[in-house]
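K.L.:
One structure, pasted below without further comment.
Numbering (my numbering), first residue to last: 48 to 171.
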């Protein structure tokens with residue numbers, strides 16, 4: 048089946064209309080096309096700020112959703128490139144919680160929030 052509509056004309060000019068796109072969603076971890084449904088991860092804080100961040104300053108973290116192959120290492124490589132830390136007690140899930148890490152420069156850890164123990168942050 049051709050990806051264009053055949054036979055469409057206006058004033059004798061053939062107008063092909065694409066109804067199937069040939070571009071693919073790419074994995075944020077490896078950059079390769081994702082066949083099928085991507086695994087989406089959203090970074091959501093459970094405690095919102097008292098006021099929305101100014102558009103002039105921008106948000107500290109892009110909440111996503113970010114799309115990956117359904118392989119945990121693809122998410123971790125993406126997080127590693129952004130210098131995020133990863134909680135050893137968590138798994139990669141659809142919703143990850145950002146954790147502000149105290150220090151000289153702003154740094155973030157990511158956790159699924161499914162444990163009650165203290166976070167054990169390691170490089171992603």
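In this text, a Cβ means the ideal position worked out from N, Cα and C, and glycines have one as well.
Do residue 168 and residue 134 have their C-beta atoms closer together than 7 angstroms?
P.N.:
In this structure, residue 134 lies closer than 7 angstroms to residue 168 by Cβ.
K.L.:
Answer with buried or exposed for residue 85, where buried requires no fewer than 16 other C-beta atoms within 10 angstroms of its C-beta.
P.N.:
It is buried - the Cβ of residue 85 has at least 16 other Cβ atoms within 10 Å.
K.L.:
Keeping to the same chain, check which residues put their C-beta closer than 8 angstroms to that of residue 89; ignore five residues upstream and five downstream.
P.N.:
Contacts found: 110, 111, 112, 113, 141, 142, 143.
K.L.:
In terms of alpha-carbon separation, which member of 120, 62, 132 lies closest to residue 166?
P.N.:
Among 120, 62, 132, the Cα nearest to that of residue 166 is on 132.
K.L.:
Along the chain, where does the beta strand (DSSP E) that runs through residue 71 open and close?
P.N.:
Element bounds for residue 71: n/a, residue is neither H nor E.
K.L.:
DSSP has residue 122 in a bridge; who is on the other side?
P.N.:
The partner list for residue 122 (beta bridge, DSSP) is empty, contrary to what the question assumes.
K.L.:
Under the assumption that residue 77 contacts residue 116 (Cβ atoms under 8 angstroms), give the Cβ distance between them as a whole number of angstroms.
P.N.:
7 angstroms between Cβ atoms; contact.
K.L.:
Give me the Cα-Cα distance between residue 123 and residue 171, rounded to the nearest whole angstrom.
P.N.:
Approximately 5 angstroms, taken between the alpha carbons.
K.L.:
Just grab the DSSP bridge partners of residue 162 for me.
P.N.:
Looking at the DSSP assignment, residue 162 forms no beta bridge with any residue, so it has no partner.
K.L.:
Between the C-alpha atoms of residue 163 and residue 139, what's the straight-line distance to the nearest angstrom?
P.N.:
Each residue's alpha carbon lies about 17 angstroms from the other.
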